[in-house]
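Here the structure comes first, spelled out in structure tokens, and everything after it is commentary.
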Amino acid sequence: MDAALTVRGVSHAFGRTRALDDVSFSAPRGAFTALLGVNGAG
């Protein structure tokens, strides 16, 4: 797969609330990719 974007091991917190915990993904070149949260926001 020829990835346009690769993300590995991303973590982020707002104070003591962890929003991301070791997130990894790849988005293939030429594809439409969306990230949606629990409430449908992205």
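With the sequence shown counted from 1, adding 415 to any position gets you my numbering. Built from N, CA and C at the ideal position, the CB exists for glycine as well. Source: prediction; values computed, not measured.
Using a Cβ-Cβ cutoff of less than 8 Å, which residues in the same chain neighbour residue i once the five nearest sequence positions on both sides are dropped?
i      : result
Gly424 : Asp437, Val438 and Ser439
Ala418 : Ser441, Ala442, Pro443 and Arg444
Where residue i and residue j are concerned, what is the direct C-alpha to C-alpha distance, given to the nearest angstrom?
i      : j      : result
His427 : Pro443 : 24 Å
Asn454 : Gly430 : 21 Å
Ala446 : Thr432 : 32 Å
Gly452 : Leu420 : 19 Å
Under the criterion of a Cβ to heavy atom distance below 7 Å, does residue i qualify as lining the ligand SAM?
i      : result
Leu435 : The ligand SAM is absent from the structure shown, which contains no ligand whatsoever.
For residue i, which residues from the same chain have a beta carbon less than 7 Å from its beta carbon, with the 5 sequence-adjacent residues on both sides left out?
i      : result
Leu435 : Val425, Ser426 and His427
Val422 : Val438, Ser439 and Phe440
When DSSP labels each residue in this structure, what does residue i get in the three-state scheme?
i      : result
Ala418 : strand
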